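The next block holds one structure in the form of structure tokens; read it before the comments.
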Amino acid sequence: MLYTIIKENTYQDSIVLMLLSQKLSAMDGVDKASVMMGTPANKDIFKGAGLGTPELETASANDIVIVVDTADESKVDEVNEAVDTELAGGGGSDDSAKSSEAHNWKRALELANKPNLAMISIPGTYAAMEAENAIRNGLHVFMFSDNVPKEDEVRLKELAHEKGLLVMGPDCGTGIIHSVPLAFTNTVAQGDIGVVGASGTGIQEVTTIVDRLGKGVTNAIGTGGRDLSTEVGAITMLDSIKALNQDPKVKVITVISKPPAKEVQEKVENLLRSIDKPVVALFLGAKPEYQEEAIYHAYTLEEAAVASVQLSNGEEVKFTPTSIDGLKADFEENQKGIKAYYSGGTLASEAAMMIKHSLGEEEIKDEGFTYKSASHEVIDLGDDMYTQGKPHPMIDPEKRIEALETSADSEDTAVIMLDNVIGYGSHADMASELAPTIKRITDKAASEERSLVVLATVVGTDKDAQGYDKQRQILEEAGAVICDTNDQMVRTAIELIGGKVAQPETEMKSFDKGTEDLSVDEKMMSLISNNPSVINIGLKSFTEAVENSGAEVVQFNWRPVAGGDEKLMKVLQFLNNYEGENV
Amino acid sequence: MIYESSAIGEIALSLLKTNKAMRVHSIFNNGFNIVNDKNDLIFIGTDKNGYFPFGITINKYTMHYIKETLQVGDILKTAASSLNHNDFMLSNRNAEVYLYSKVNKSDIDSIKSVVSSYDFCDYNSSDFSRDKLNRILADLENPDVDFPLAYLVGRGQGLTPSGDDIITGILYINCLEPFIAENHLNSLKLYIRESVTTIVSENFIRLALEGVFSRRITDIGETPDKETVDALLELGSSSGRDTLYGIYMTLNRR
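Protein chains in written order, with the working numbering: chain A, 502 to 1084; chain B, 960 to 1213.
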């Protein structure tokens, strides 16, 4: 008896069909079987082989036709099953489909439990496209990736804003969402201070100081460095401020940015003046000229942190800067240089600002320096210029060791400044990497009876895996003088060479209360009020921090393809290999 | 997800430019086909089977991931620079464009001498015996006989039935050294539009009639040596060999 099975619009390579024919013919109880595309010519072959059936005539050239000759009708089901298995790819296992990690959006969205945040750390050229996918899937976006064109940033942020979503970044290194650390972030106590900032290490410095002062930060929203540019127009910052304002748990809002374009600053301040919560604003790089009723204008990161803590305690803001005194240094006449080698860009900017404002040497414009004058230099070793093909100085000590050696040998160097930013994403024990060099250069200077002061500050909390106290101790034992904050370190350095950082004189000014619309999309409130459910696209090491804080995360294994950004790929490779050995 | 293609054939590119959306027609281990409503086809797949004028080349990882979400009937929005599926985007921004010039007419003797060293005896016991093909080839030269290719079109296994691959080989030699009567070429053009073979084959033959062939075939004309012939043999599970058989028989026809 002949039975016909037709698989409409189905294809397989001829080898598969031939093997299938053989397999079916070899089945017990099957006398004969043939599998072919249903073309007219092949129908002739079926007929010629005695396998012509009326159903065969209905098959089209794009259908696979199976004709089976068997006395046992039950065999037909068996044949059908075998055919389906074979056509589906030979029943071979597809391991990626079973894994809990996803390779595409569909799978990631299936695996994730009501996801609301995508973390993106794939190369910039692709990051924008994936960010758009995320937004279109209703997810907020945290973009660690850099090298995203500005016009893409504008487009993405506008799209997100329309949909009530937030885009943090691109080039956003830090974020804390409902106490869940994102990317390069410290573990900070929960609290009633809400931070929004356009600078990564600026957020880290402020939130860790807040933590060490006994208060906490539940949400620290990074906007990416270009958010306050004229083109982007502070879309993310404005939405974030509104969200923090609506959050009943937030008592004080702290805003950190470089000085933006005038019209953007006005826009931000206008919003800040419209809200009722106390605000601390730091436009790092500019000297505040006035204070106002509802907004405390800070000069440095430490001041912003202290003011936030005081306001959260319901106290009046009173910031008294500190420096470490009692340091013995007997510098030679020509020894008046401060040399600073930072891994944190904002910390470098802060040092540059304070040196510039206090020491009055003429600045020499040089791309490789955050600040350079005849005697002083401040370098951000995390700048693109120094990280080409190399990991970031927060994870690789090499560049700093090199800078330490060179500057220590330079006759005009009096003070060297270093930061050690700990927390998620950073080196497991940077202090121990830098310590031998610090010891060597201080010992050498001592043996030459030359004064050389190495100042260091650790950005972190006692909850960070590296151990705040331990990192301080290692650096101290190596011969560095440990400062509590970057502000304190820079003031100390300046005082060591005979200068003094003056706090800006400010007058009280009053402004009309702003009239900005303060409404916020529900999705934005949900983001900052709950543990995020994260889809992590890119650097796998970021999932650890999220998981450790009890939030859910699905790893989306994006595959870099030819033509990707080499720099980020190298960082990615380094980080992915790195996590196994450390932290 | 965003994937990237590494190469794109000229015909595929022009189809992407002229169609806003195409439908997934069929999916294989090494690639998939998309078609427009006129059944014009683009093959998107790995370079396992070489480069096609209507092909877009992706790597095997990309194919692996695409296969996870792709289903027959899915619609892809198409533009010259990209193909957009609900779950992924295939970008052609960095793809090399393969241009297909009409084949040149010079090297027919060299091709003949290289191809002669291959053995095709086994075809004698199939539907495509030497005698059978010689009769068809003789008829193709004669405008007064009935259309001789109906026997071959759509005959055999797989995605491109063997008979169709043999026709492709015959048409390639005809391009280099025309011998087929015009009326038979016209008949073939009309005949393949009648759903007599698979869509993939239909596209191959249609383009072959326009003098456009896949890279592996034109390579033989450009560099007639063992290497290029062996490369053609590796195409598909039997397609390459069937094509070469068509070439061989045409060059050695009586």
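The beta-carbon is built from N, C-alpha and C at its ideal position, and this holds for glycine as well.
Please read all numbers here as calculations on a predicted model, not as lab measurements.
Practice problem: Hey, could you find the ends of the beta strand (DSSP E) A/Asp-460 is sitting in? | Solution: Within the shown structure, residues of chain A are numbered from 502 to 1084, placing residue 460 of chain A beyond reach of any answer.
Quiz item: In angstroms, rounded to a whole number, what distance separates the CA positions of A/Ala-799 and A/Leu-612?
Solution: Rounded to the nearest whole angstrom, the CA to CA distance from A/Ala-799 to A/Leu-612 is 45 Å.
Self-check item: CA-to-CA distance, A/His-928 to A/Asp-897, given in whole angstroms
Solution: If you draw a straight line from the Cα of A/Asp-897 to the Cα of A/His-928, it comes to about 7 Å.
Practice problem: Output, in chain order, the set of chain C residues within a Cβ distance shorter than 9 Å of B/Met-1048. | Solution: The structure shown has no chain C; the protein chains it does contain are A and B.
Practice problem: Flag A/Gly-592 as yes if its beta-carbon sits less than 9 Å from any beta-carbon of chain B, otherwise no. | Solution: Per-residue confidence for A/Gly-592 stands at a pLDDT of 37, beneath the threshold of 50, marking its modelled position as unreliable; the derived number appears in the next sentence. So no, A/Gly-592 is outside the interface.
Practice problem: Step through the CB atoms of chain A and report whether any lies within less than 9 Å of the CB of B/Leu-1130. | Solution: Taking Cβ atoms only, chain A never reaches closer than 9 Å to B/Leu-1130, which makes this a no.
Self-check item: Residue-chain proximity (B/Gly-1004, chain A), Cβ-Cβ < 9 Å
Solution: No, B/Gly-1004 does not count as interfacial toward chain A.
Quiz item: What is the DSSP secondary structure of A/Asp-910, counted as helix, strand or coil?
Solution: Correct three-state label for A/Asp-910: helix.
Quiz item: Which of the three DSSP states, helix, strand or coil, is assigned to A/Gly-1039?
Solution: In the structure shown, A/Gly-1039 sits in coil (DSSP, three-state: anything other than H, G, I, E or B).
Quiz item: Quick one: is B/Ile-961 buried, meaning 16 or more other Cβ sit within 10 Å of its Cβ, or exposed?
Solution: B/Ile-961 should be labelled buried.
Quiz item: In whole angstroms, what is the alpha-carbon distance linking A/Tyr-797 and A/Met-669?
Solution: The alpha-carbon atoms of A/Tyr-797 and A/Met-669 are separated by roughly 25 Å.
Quiz item: Looking only at its own chain, which residues have a Cβ that is under 6 Å from the Cβ of A/Ala-852, when we skip the five neighbours before and after it?
Solution: Listed in chain order, the non-local C-beta contacts of A/Ala-852 below 6 Å within the same chain comprise Ala-841, Val-879 and Val-991, local neighbours out to five positions each way being set aside.
Quiz prompt | Against chain A: residues of the segment 1083 to 1101 of chain B by CB proximity under 9 Å | solution = Legend: CB atoms of the segment 1083 to 1101 of chain B lying less than 9 Å from CB atoms of chain A belong to residues Asp-1086.
Practice problem: Alpha carbon to alpha carbon, how far is A/Cys-673 from B/Val-1171? Give it in angstroms, no decimals. | Solution: Cα to Cα, the separation comes out at about 50 Å.
Quiz item: Given a threshold of 16 other Cβ atoms within 10 Å of its Cβ, counted over all protein chains shown, does B/Ser-1160 qualify as buried or as exposed?
Solution: Counting other Cβ atoms within 10 Å of its Cβ, B/Ser-1160 reaches 16 or more and is therefore classed as buried.
Quiz prompt | Per-residue DSSP class, three states only, for A/His-858 | solution = Helix, per DSSP.
Quiz item: From this set, A/Thr-559, A/Leu-882, A/Glu-834 and A/Ile-757, which residue's C-alpha is nearest A/Met-538's C-alpha?
Solution: Taking A/Met-538 as reference, the option from A/Thr-559, A/Leu-882, A/Glu-834 and A/Ile-757 with the minimal CA-CA separation is A/Thr-559.
Quiz item: Of all the options A/Glu-804, A/Gly-639 and A/Val-711, which has the alpha carbon lying nearest to the alpha carbon of A/Pro-789?
Solution: The alpha carbon of A/Pro-789 has as its nearest neighbour, out of A/Glu-804, A/Gly-639 and A/Val-711, the alpha carbon of A/Glu-804.
Practice problem: Quick one: list the residues of chain A neighbouring B/Glu-969, beta-carbon separation under 9 Å, in chain order. | Solution: The CB of B/Glu-969 never comes closer than 9 Å to any CB in chain A; the least such distance is about 21 Å.
Quiz item: Would you say A/Val-696 and A/Ile-754 are within 9 Å of each other, going by their C-beta atoms?
Solution: Result yes, Cβ atoms of A/Val-696 and A/Ile-754 sit closer than 9 Å.
Quiz item: Any idea if B/Asp-999 is buried or exposed, counting beta-carbon neighbours within 10 angstroms, 16 or more meaning buried?
Solution: Burial of B/Asp-999 is indicated by the presence of at least 16 other C-beta atoms within 10 angstroms of its C-beta.
Quiz item: How about A/Leu-518: is its C-beta nearer than 9 Å to some C-beta of chain B?
Solution: Closer than 9 Å to some Cβ of chain B, the Cβ of A/Leu-518 qualifies, so yes.
Quiz item: Assuming B/Asn-1018 and B/Ser-1076 make a contact with CB atoms under 8 Å, what is their CB distance in whole Å?
Solution: Not confirmed; about 34 Å, so no contact.
Quiz item: At a Cβ threshold of 9 Å, is A/Met-669 touching chain B?
Solution: So no, A/Met-669 is outside the interface.
Self-check item: Limits of the beta strand (DSSP E) - the one that A/Ala-841 falls within
Solution: Looking at the DSSP string, the run of the beta strand (DSSP E) that includes A/Ala-841 is 838 to 843.
Quiz item: Count the other CB atoms within 10 Å of the CB of B/Cys-1134; is the residue buried (16 or more) or exposed (fewer)?
Solution: Counting every other CB atom within 10 Å of its CB across the protein chains shown gives B/Cys-1134 a total of 16 or more, marking it as buried.
Quiz item: Nearest chain A C-beta to B/Leu-1168 closer than 9 Å, yes or no?
Solution: Interface criterion not met: the Cβ of B/Leu-1168 is under 9 Å from no Cβ in chain A.
Quiz item: Quick one: does A/Ala-1063 have its CB under 9 Å from some CB of chain B?
Solution: Low confidence applies here, because A/Ala-1063 scores a pLDDT of 36, under 50, leaving its location unreliable; read the following figure in that light. True, the Cβ-Cβ gap to chain B drops below 9 Å.
Practice problem: Determine the DSSP secondary structure at A/Glu-556, reduced to helix, strand or coil. | Solution: Looking at A/Glu-556 - three-state DSSP - the assignment turns out to be helix.
Quiz item: Listing by chain order, which chain A residues have their CB less than 8 Å from the CB of B/Gly-1113?
Solution: Met-538, Thr-540, Pro-541, Ala-542, Asn-543 and Ala-562, listed in chain order.
Quiz item: Closest Cβ-Cβ distance between A/Leu-1073 and chain B: below 9 Å?
Solution: Here A/Leu-1073 scores only 49 on pLDDT, less than 50, and its place in the model is too uncertain to base an answer on.
Quiz item: How would you call B/Thr-1021, buried or exposed, if buried means at least 16 neighbouring beta carbons within 10 angstroms?
Solution: Around the beta carbon of B/Thr-1021, 16 or more other beta carbons sit within 10 angstroms, so the residue counts as buried.
Quiz item: Which whole-angstrom value is the C-beta distance of A/Thr-1120 and A/Thr-571, which I expect to be below 8 Å?
Solution: Any answer about residue 1120 of chain A is impossible in this case: the structure gives chain A only from 502 up to 1084.
Quiz item: Between the C-alpha atoms of A/Val-566 and A/Phe-547, what's the straight-line distance to the nearest angstrom?
Solution: Approximately 10 Å, taken between the alpha carbons.
Self-check item: Three or more C-beta pairs below 8 Å linking the segment 1043 to 1058 of chain A and the segment 672 to 690 of chain A
Solution: Counting Cβ pairs under 8 Å, three or more are found: they touch.
Exercise. Assign A/Asp-647 to one of three DSSP states: helix, strand, or coil.
Key: DSSP places A/Asp-647 in coil when its eight states are reduced to three.
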